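Just so you know, this note's numbering puts 121 at position 112 of the sequence shown, and the rest follows in order with no gaps.
Here the structure is laid out as structure tokens; the discussion comes afterwards.
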Amino acid sequence: MTDNASIHVGSLLSGDDPIDDASQDLLQRADLADVFAVEIRRTSAKHGAVVALTGKWRSGKTSLANLTCSALDAVDDVHVVQFNPWFFSGTDQLMRFFFDELAGQLRDGRRLKDKLKDAGRTVAERLGRYSAALSPLKFVPGAGVVLDGASAVAAGTSKLLGEEQGTIHEQRAQLTELLIKLPGRIVVFIDDIDRLSQQEIRDLFRLVRLTGSFPNIVYVLCFDREVVEAALTDEAVRGSAYLEKIVKMSVEVPPLPTQALSPVIAEGLAQALDGIESGLFHASRWPDVLVQLILPMFSTIRDVKRYLASVPLAVRSLGLEVNLVDVLALEALRVRYPAAHAMLPTAADLLAPAKTMYRPSTDRAAREEAFVEEFTGLLNGHARTVVHLLFPAAERLFGGPNHGSDWIPAWERDRRVACSTVLDFYLHRRLPAGRAPAAGIDQAVACIGDESALDEVLGQVPDALLDDTLKRLVPHCRDLPEESVLSTAAALMRQLPRVRLGSTGMYSPGGEWAVLSPVSVLLRNLRGDAVDPTVRNLFHGIPSLYGKVLLLDIAAGRPGKQGLIPDESARLLRQELASQLRTAGPEDLADERMLLRTVLVAAADGPPVLEPAFDARVVARLLESGVAPVHSQTMGSVAVRTEKQLRWDSLVSVYGGEAHLAEAVALLQQCLQEGTVELNEDLAAALALYEKYATGWRPKEF
10 MTDNASIHVG SLLSGDDPID DASQDLLQRA DLADVFAVEI RRTSAKHGAV
60 VALTGKWRSG KTSLANLTCS ALDAVDDVHV VQFNPWFFSG TDQLMRFFFD
110 ELAGQLRDGR RLKDKLKDAG RTVAERLGRY SAALSPLKFV PGAGVVLDGA
160 SAVAAGTSKL LGEEQGTIHE QRAQLTELLI KLPGRIVVFI DDIDRLSQQE
210 IRDLFRLVRL TGSFPNIVYV LCFDREVVEA ALTDEAVRGS AYLEKIVKMS
260 VEVPPLPTQA LSPVIAEGLA QALDGIESGL FHASRWPDVL VQLILPMFST
310 IRDVKRYLAS VPLAVRSLGL EVNLVDVLAL EALRVRYPAA HAMLPTAADL
360 LAPAKTMYRP STDRAAREEA FVEEFTGLLN GHARTVVHLL FPAAERLFGG
410 PNHGSDWIPA WERDRRVACS TVLDFYLHRR LPAGRAPAAG IDQAVACIGD
460 ESALDEVLGQ VPDALLDDTL KRLVPHCRDL PEESVLSTAA ALMRQLPRVR
510 LGSTGMYSPG GEWAVLSPVS VLLRNLRGDA VDPTVRNLFH GIPSLYGKVL
560 LLDIAAGRPG KQGLIPDESA RLLRQELASQ LRTAGPEDLA DERMLLRTVL
610 VAAADGPPVL EPAFDARVVA RLLESGVAPV HSQTMGSVAV RTEKQLRWDS
660 LVSVYGGEAH LAEAVALLQQ CLQEGTVELN EDLAAALALY EKYATGWRPK
710 EF
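Listed below in structure tokens is the structure:
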């Protein structure tokens, strides 16, 4: 895996045969353009000619037309004119604009061939006059002749059909005479006809029919035959018959085979991504995504060009947060199947659930069924492939395997949209509160194994992002070399003072597990005989007592469950903890978090011993650490209730009875009144709970 996309994207097609075949296919298209150009020159144009270049929309008609234009430009007896039908609006403008454009391009002496220069300018001048004479006129619907509708209303039709119509005929005859003597021919290319409205298509073909008999002018019309035939069909005539009367020669654009597009896409992506910083690139996944998902979505060069043009913006906007393979695949989906892509936000929980545990319900089953039906219908056979390669957690909806929650950390590590948090960023282009940027994760991962470097990098992480940063290191700690385990674990354990302790919800683990999870994974990388000395070394290096307690949480065994270290080793470490607890001064104990639990763990093998237990500062810390949030939830409700409770029995056991506990609290209250101990929010809550418990009150579920 790498984040250097340019190295891989252009070079992952194995072997040379596909590229050679594709190059051969593209060369064959160039050969076809040359043959087409020769036929255009050879075809008789004594009375004009109309040639059709047909093919489905985005089949490459424009590319073949451009190649043909280049081939014709290379000869000295052909002048190429390109007419854009999108520039006119309505029947009234079409005829005037066509002749003005034709005349304008013939006047351009810089483009005229020497052989055609003098004659071309003369023809251009005559075309200008002819255009001016036609300017008041418009088509008679369905007739292929012209009529001045406005003048006919104002002054009758006799004058128009007399003198002016004769003038037009005379000018047409003079123009025809000039064109007969033209030492070559004019080839007029008209593209994108199938993208015009039905009326505009009819108007354009009427114009061609009206002017198509001019000698030495060859029209090359590019269109989708099915679209144009439908537009020309009416009650009187079929569109196919209409075309047969106008078109002299027709060439169908051959479709590009899929293998011809693969090098175009691969090489185009390499160029499009050159110099752009992108996310991780899953090289092992790319061949399958390219061949099974991206390539089948494309059939034309035009679609590929649209895709390649959109890729840089997508990659820049997503930065390092999303795996490049997923970005490229989803961008292909967006370009080719926008309606299916638009379903992703509303179906995000089906495609990438935060937890893969399936809880069947009638409503959810109906929603899943509706999603599968619509997604499949929109994707034209690609739905299963999209889900299989991008959203494996949703494969079960399509009859595939079920993926458990243990896959989620790996998907998150690889920044795949199969992970809900990664998909959320892809869809909304923003990081949720508490989510660390990928750049910071990469920096921390690069320092794993180097204790001082990891210390420095983690020290620069804002407190609000530390929890997420540490959790996302877990997959990267797996299979770490044994020699790197102790240094990495030591750096991680030093982050304990910065993380919250305890849970915040019904099913949320304590905040300390942001540190303990990667450390636990690291210790499990060790051989059996290496675990015990590593844990002991780590234990001795932890400065805080509660940090030692938390290490014992993950290393020592429990009743009925073997720990990472032998029971005897755990007992010795607890004895060492008890010894340090006895010798600690009040000022040190006052800085300890979870002091009450530390005392209880140290007393697991004997009575609790805490010499300065009647120091007001220590009493305050014991009371504060004795408060625990208890969460509850009513079945069927999403609301979570949190109630603070006091570990009364634990406090009583530390002080050896309720009377001694009351004595210690009285001492604390006196110091608070004197101002030698500062009252904070946590201590106030603990004292309030103490007063309730001291009267005999207990929670209902205590």
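From the three backbone atoms N, C-alpha and C, an ideal C-beta is built for every residue, glycine too.
No experiment lies behind these values; they were computed from the predicted model shown.
Supposed contact pair residue j and residue i - C-beta distance, whole angstroms, cut 8 Å
{"i": "E521", "j": "L505", "result": "7 Å"}
{"i": "A613", "j": "L590", "result": "12 Å between Cβ atoms; not a contact."}
{"i": "D40", "j": "A80", "result": "Incorrect: roughly 10 Å between the Cβ atoms, too far for contact."}
{"i": "L337", "j": "V320", "result": "7 Å"}
{"i": "A565", "j": "A579", "result": "4 Å"}
{"i": "L62", "j": "V260", "result": "5 Å"}
{"i": "L329", "j": "A448", "result": "6 Å"}
Element boundaries [alpha helix (DSSP H), containing residue i]
{"i": "I226", "result": "Counting along the chain, I226 falls outside any alpha helix (DSSP H), though it belongs to the beta strand (DSSP E) covering 226-232."}
{"i": "L531", "result": "522-533"}
{"i": "V494", "result": "491-502"}
{"i": "Q469", "result": "Q469 -> no alpha helix (DSSP H), and no H or E assigned at all."}
{"i": "K701", "result": "690-703"}
{"i": "L8", "result": "As shown, the chain starts at 10 and ends at 711. That puts residue 8 outside it, with no answer to give."}
{"i": "I457", "result": "Per DSSP, I457 belongs to no alpha helix (DSSP H) and is neither H nor E."}
{"i": "Y435", "result": "429-437"}
{"i": "G519", "result": "That residue, G519, is in no alpha helix (DSSP H); it is neither H nor E in DSSP."}
{"i": "A539", "result": "537-550"}
{"i": "P484", "result": "483-486"}
Own chain residues within Cβ distance below 8 Å of residue i, not counting five before or after
{"i": "P484", "result": "P418, A419, E421, R422"}
{"i": "C428", "result": "A361, I417, W420, E421"}
{"i": "E383", "result": "M352"}
{"i": "V661", "result": "E667, L670"}
{"i": "V90", "result": "E110, L111, Q114, L115, I195, V196, V197, F198"}
{"i": "A453", "result": "L463, V466, L467, V470, T478, L482"}
{"i": "I457", "result": "L463, L482, H485, C486, L489, S493, T497"}
Spatially closest choice to residue i from the options, by CA coordinates
{"i": "L216", "options": "P94, M603, I310, L631", "result": "P94"}
{"i": "V60", "options": "R234, Q114, L598, L111", "result": "R234"}
{"i": "D488", "options": "R533, A453, K480, D464", "result": "R533"}
{"i": "D415", "options": "P401, G409, G408, Q183", "result": "P401"}
{"i": "R50", "options": "D82, T71, V540, G64", "result": "D82"}
{"i": "L750", "options": "R656, Y316, Y251", "result": "No statement about residue 750 is possible, as the shown extent of the chain runs from 10 to 711 and does not include it."}
{"i": "P595", "options": "R626, K570, S578, R444", "result": "R626"}
{"i": "L745", "options": "C486, C456, P441, E460", "result": "What is shown of the chain runs 10 to 711, which leaves residue 745 out entirely."}
{"i": "V47", "options": "T63, S68, V84", "result": "V84"}
{"i": "G52", "options": "M258, E690, R393, A318", "result": "The question names Gly, yet the displayed sequence has Thr at residue 52. It is M258."}
{"i": "A58", "options": "L230, Q91, A133, A182", "result": "L230"}
{"i": "A54", "options": "L676, Q180, D109, T185", "result": "T185"}
{"i": "A599", "options": "I563, Q584, L554, I574", "result": "L554"}
{"i": "Y702", "options": "V313, A593, V674, L681", "result": "V674"}
{"i": "P552", "options": "E585, R503, T242, A357", "result": "R503"}
{"i": "F106", "options": "T77, R138, N75", "result": "R138"}
Cβ of residue i within 8 Å of any chain C Cβ
{"i": "D43", "result": "The structure shown contains no chain C; it is built from a single protein chain."}
Nonlocal neighbours in the same chain, by C-beta distance under 7 Å from residue i, ignoring five residues either side
{"i": "L535", "result": "E491, V494, T543"}
{"i": "A323", "result": "V336, E340"}
{"i": "A349", "result": "L342, F384, L387, L388"}
{"i": "R116", "result": "R130, A133"}
{"i": "S32", "result": "Low confidence applies here, because S32 scores a pLDDT of 45, under 50, leaving its location unreliable; read the following figure in that light. Same-chain partners within the cutoff: there are none."}
{"i": "V154", "result": "Bear in mind that the predicted position of V154 carries a pLDDT of just 44, short of 50, making it unreliable; the figure below should be weighed with that in mind. No residues qualify anywhere along the chain."}
{"i": "V686", "result": "A625, R626, A629, L677, C680"}
{"i": "S659", "result": "L605, L609, G635"}
{"i": "I285", "result": "P321, V324, R325"}
{"i": "D576", "result": "G566"}
Sequence-distant residues of its chain with Cβ nearer than 6 Å to residue i (five each side left out)
{"i": "S72", "result": "I310"}
{"i": "D12", "result": "Annotation note: pLDDT 45 at D12 (below 50); position unreliable, coordinate value reported separately. Excluding positions up to five away in sequence, the list reads L289."}
{"i": "G277", "result": "L317"}
{"i": "K70", "result": "L62, G64, C231, V262"}
{"i": "F548", "result": "K557, L560, L582"}
{"i": "R444", "result": "D477"}
First and last residue of the uninterrupted beta strand (DSSP E) at residue i
{"i": "F223", "result": "F223 -> no beta strand (DSSP E), and no H or E assigned at all."}
{"i": "R630", "result": "From DSSP, R630 is part of no beta strand (DSSP E) but of the alpha helix (DSSP H) over 625-634."}
{"i": "V197", "result": "194-199"}
{"i": "R650", "result": "649-655"}
Distance cut-off 7 Å: residue i Cβ against heavy atoms of the ligand ADP
{"i": "G537", "result": "Among the components modelled here there is no ligand, and therefore nothing to report on the ligand ADP."}
| field | Segments assigned alpha helix (DSSP H), at least 4 residues, entirely inside the stretch 49-100 | value | 70-82
| message | Ignoring anything shorter than 4 residues, give me the alpha helix (DSSP H) runs that lie fully in the stretch 348-427, in order along the chain. | response | 357-360, 371-387, 392-399, 417-422
| task | May I have a chain-ordered list of the beta strand (DSSP E) segments no shorter than 3 residues that lie completely inside the stretch 256-339? | result | 258-261
| query | What residue ranges within the stretch 565-604 form continuous beta strand (DSSP E) runs of no fewer than 3 residues, ordered along the chain? | reply | none
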